[in-house]
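*Asks:* A single structure is presented below for examination.
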Amino acid sequence: MTLHAEIHRDFGKFRLDVELDAGNETLALLGASGSGKSLTLGFIAGIMKPDRGRIIIDGLEVFSSEKNINLPPQKRRTGLMFQNYALFPNMTVTENLMAGQKLKNSAEVADMLTRFGLEGVKDSYPAKISGGQKQRTALARMLLSCPRIMMLDEPFSALDSHLRFQTERELLNVFNDFGGTVLLVSHNRDEAFRLCRRIAVIHDGHVEIVGTKDEVFSDPKTRNAAILTGCKNISRANFTSEGKIFASDWGIELQCQSHRNDTRYAGVRMHSITAGQNGANTFECKVMQVIENPFSFTVMLIPKNSRENVIPIGWEMDKNLWHKVKGENVTVSIPPENILLLRE
Amino acid sequence: MDWYPLANSLRVAFISCVIVFFTGIAAAWYTSKLPGLVKGVVDVILTLPLVLPPTVVGYFLLRLFGPRRIIGQWALEGFGIRLTMVWYSAVFASSVVSFPLMYRTARGAFETFDRTLEYSAKTLGLSDTYIFWRIVMPCCRQGILAGTVLSFARALGEYGATSMIAGYTPGKTATISTAVYQLWRTGDDVHALKWVLVNLAISFTVLTFVNLLERKETR
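Residue numbers (the working numbering), protein chains in the order written: chain A, 3 to 346; chain B, 33 to 251.
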């Protein structure tokens, strides 16, 4: 199963220009709210019409502005699970499952109820069941409609955090059984990383970068991708000489492993800073603030020799480590291979 | 006492209510999907009968349905049907006047309807007809019901446009509201009061019915 989508639409204040390709895999669309990731799903499902472009699902052209093709959503067979699950409130769980199904094959419905552990609530209305049960009902309903691709819009946003971990694993099983193309919209890097093989970072209506999750996390390439993958330390930066950049927001010069002319920012993940002197990029820093997390410490640092009014750098570490090194001043190193070179 | 006005009023109100139910809902459903500016214009036109004096509505209806006017002449010459001064003339008047009530209430209900339900149903392959009757309508039933009752009540009480297009002919076009006016005008206060009491009883019943339904709904 494959998906090819080129979607262009001008909303006036906002432009969407998205190009995507996906095979038999789970692809995450990672983006901040308002970036156009949910809209993209709407266009693929046929709920909205692009100004121009083409969408091909499994070799079938469902939209083409050139050939004047625009199949209605009913004929596209794309499963789309909404953020709020969109269960029909006037129907019971069983009726919700039956509604998506033309054949009214009750054996299949019964199997689904068992598979998703919904027998106990099969005659309940959506308002009376838990968030997890709602999500499973929506999934079961979607699978019964035999979609050619599955699309999920922020599947965990309506769930309590303690439920997310378990439902994430359940969802992974569903994806594996399905075996086809799955698009998962998320703004949460952890979810995207755990559930998907590849990640497309969407910002301001276009795909900034696409790659395997390891590529995207180890080299996000753009400032927005770095932010979305959880990089909290970002400074304006530019190369001063071969392999050396000056990070102006931190007031320090850093040695890097590679050189990229379009670099405008430098990023350092909070946990990739090391304690003590470890080769290049060692700095004596003043401790500005210590934040205690449940299982770690985040320490805000300002390099000693830097100029006034710089932005502190966050350093996250194990509780044990902090107890060993803590003081008014600490010496830390930023390994050159851990510096992310980012463009706008 | 001649009960014709009651039967005629109920008949007229019931038929208008059925007409307005379908046309009002259809109009509400399609305008709620229109883009901003067009929606505004269409909305003004469809709501106009609510704010116009009923006599103005009656004037427009006579301009269209009168025996020598475009629609009236066509019906009379083509089918031999008179459209004015007969009992069903009152249906035209009541329908036009009560239409905005159905349209507005239904549109309000449709606008608060969670569109993702419709979208999700579409991706599941459900037809637009199924979605409308089995998902949208049940979800909006309170608004629809309120609109239906309001338009029924409005149709029942319609006087201005009705008196112009249907007139008052005892036993032919008389409705409760036209009867009350005629009886009072001719000094038959006793009968006028009787019809006033009948009208009060009907209105009271309708409103109690609505309140009961609403209470059931919230529970």
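Don't be surprised by glycine CBs; every beta carbon is placed ideally from N, CA and C.
Please decide whether A:P305 counts as near chain B, where near means a Cβ-Cβ distance under 8 angstroms.
*Replies:* no
*Asks:* Let me check one thing: in DSSP terms, what residues is A:V301 bridge-paired to?
*Replies:* A:V292 and A:W317
*Asks:* Quick check on the burial criterion: 16 or more other C-beta atoms within 10 angstroms. Buried or exposed for B:I102?
*Replies:* exposed
*Asks:* Please report the distance separating the alpha-carbon of A:L18 from that of A:L5.
*Replies:* Rounded to whole angstroms, the separation of the alpha carbons of A:L5 and A:L18 is 18 angstroms.
*Asks:* Anything in chain B within Cβ reach of A:L343, meaning under 8 angstroms, just list it in chain order.
*Replies:* By Cβ distance, chain B contributes nothing, its closest Cβ being about 41 angstroms from A:L343, past 8 angstroms.
*Asks:* Where does B:R251 sit, in a helix, a strand or coil, going by DSSP?
*Replies:* No answer about B:R251 holds up, because its pLDDT of 46 lies below 50 and its placement is not dependable.
*Asks:* State the CB to CB distance for the pair A:M153 and A:L43, rounded to an integer number of angstroms; the pair is presumed to be in contact (CB under 8 angstroms).
*Replies:* 5 angstroms
*Asks:* When DSSP labels each residue in this structure, what does A:A88 get in the three-state scheme?
*Replies:* Under the three-state reduction of DSSP output, A:A88 falls in the coil class, being neither helix nor strand.
*Asks:* Label A:H205 either buried or exposed according to how many other C-beta atoms from any shown protein chain fall within 10 Å of its C-beta, with 16 as the threshold for buried.
*Replies:* buried
*Asks:* Taking contact to mean 3 or more Cβ pairs, one atom from each stretch, closer than 8 angstroms, check whether the stretch 186-195 of chain A and the stretch 28-43 of chain A are in contact.
*Replies:* yes
*Asks:* What residue does the alpha helix (DSSP H) around A:N98 start on, and which one ends it?
*Replies:* V95 to A101
*Asks:* So if DSSP puts A:K246 in a beta bridge, which residue, or which two residues, is it bridged to?
*Replies:* A:S243 and A:Q257
*Asks:* The ligand ZN and A:C148: does any heavy atom of the ligand fall closer than 7 angstroms to the residue's C-beta?
*Replies:* Absent from the structure shown: the ligand ZN. Ligands present: none.
*Asks:* Do we get a CB-CB distance below 8 angstroms when we pair A:R35 with the residues of chain B?
*Replies:* Checking the sequence shown, residue 35 of chain A turns out to be Ser, not Arg. No, A:S35 lies away from the interface with chain B (no Cβ there is under 8 angstroms from its Cβ).
*Asks:* Using CA atoms only, rank isn't needed, just tell me which of B:T207, B:F164, B:T55 and B:V76 is closest to B:S183.
*Replies:* B:T55
*Asks:* Could you tell me the alpha carbon to alpha carbon distance between B:R251 and B:C172, rounded to whole angstroms?
*Replies:* Reliability fails at B:R251, whose pLDDT of 46 lies under 50, so the model's placement of it is uncertain and the value that follows must be treated cautiously. So the two alpha carbons sit approximately 16 angstroms from each other.
*Asks:* What does B:T155 touch in chain A if you count any residue whose Cβ is under 7 angstroms from its own?
*Replies:* A47, P75, T80, G81 and L82
*Asks:* Would you mind working out which of B:T63, B:L82 and B:P81 sits nearest B:V73, comparing C-alpha positions?
*Replies:* B:T63
*Asks:* I want to see whether chain B comes within less than 8 angstroms of A:P52, judged by CB atoms only; does it?
*Replies:* no
*Asks:* Just to confirm the assignment, what range does the beta strand (DSSP E) spanning A:A268 have?
*Replies:* Here the beta strand (DSSP E) through A:A268 covers Y267 to V270.
*Asks:* Using a Cβ cut-off of 9 angstroms, pull out every chain D residue sitting near A:F118, in sequence order please.
*Replies:* Although the question refers to chain D, the structure presented lacks it and instead comprises the protein chains A and B.
*Asks:* Taking Cβ-Cβ distances shorter than 8 angstroms, what residues in chain A pair up with B:P67?
*Replies:* The premise fails here: B:P67 is roughly 12 angstroms from chain A at the closest Cβ pair, so nothing lies under 8 angstroms.
*Asks:* Using a Cβ-Cβ cut-off of 6 angstroms (strictly less than) and excluding sequence neighbours within five positions of A:E8, which residues of its own chain qualify?
*Replies:* E21, G55 and R56
*Asks:* For B:I47, name the three-state secondary structure that DSSP assigns.
*Replies:* helix
*Asks:* I need the straight-line Cα distance from A:T214 to B:F131, nearest angstrom please.
*Replies:* 59 angstroms
*Asks:* May I have the straight-line CA-CA distance separating A:N280 from A:K136, to the nearest angstrom?
*Replies:* Spanning the two alpha carbons is a distance of roughly 51 angstroms.
*Asks:* Can the beta-carbon of A:V203 be found less than 8 angstroms from the beta-carbon of A:V218?
*Replies:* yes
*Asks:* Are the CB atoms of B:L177 and B:L245 nearer to each other than 8 angstroms?
*Replies:* yes
*Asks:* Sorted by chain position, which residues of the same chain lie with C-beta nearer than 8 angstroms to B:R43's C-beta, five sequence neighbours on each side aside?
*Replies:* Taken in chain order, the residues that qualify are W119.
*Asks:* By alpha-carbon positions, which one of A:I58, A:A194 and A:P75 ends up nearest to A:K69?
*Replies:* A:I58
*Asks:* Rounding to the nearest angstrom, what Cα-Cα distance links A:Q257 and A:T80 in this structure?
*Replies:* 49 angstroms
*Asks:* Could you spell out the range, first to last residue, of the beta strand (DSSP E) harbouring A:M152?
*Replies:* I151 to D155
*Asks:* For A:S237, write down the residues that DSSP places opposite it in a beta bridge.
*Replies:* A:A268
*Asks:* Is B:E109 helix, strand or coil by DSSP?
*Replies:* helix
*Asks:* Measure from the alpha carbon of A:N295 to the alpha carbon of each residue in A:G278, A:P314 and A:K321, then state which is nearest.
*Replies:* A:K321
*Asks:* Where A:K51 and A:E97 are concerned, what is the direct C-alpha to C-alpha distance, given to the nearest angstrom?
*Replies:* 30 angstroms
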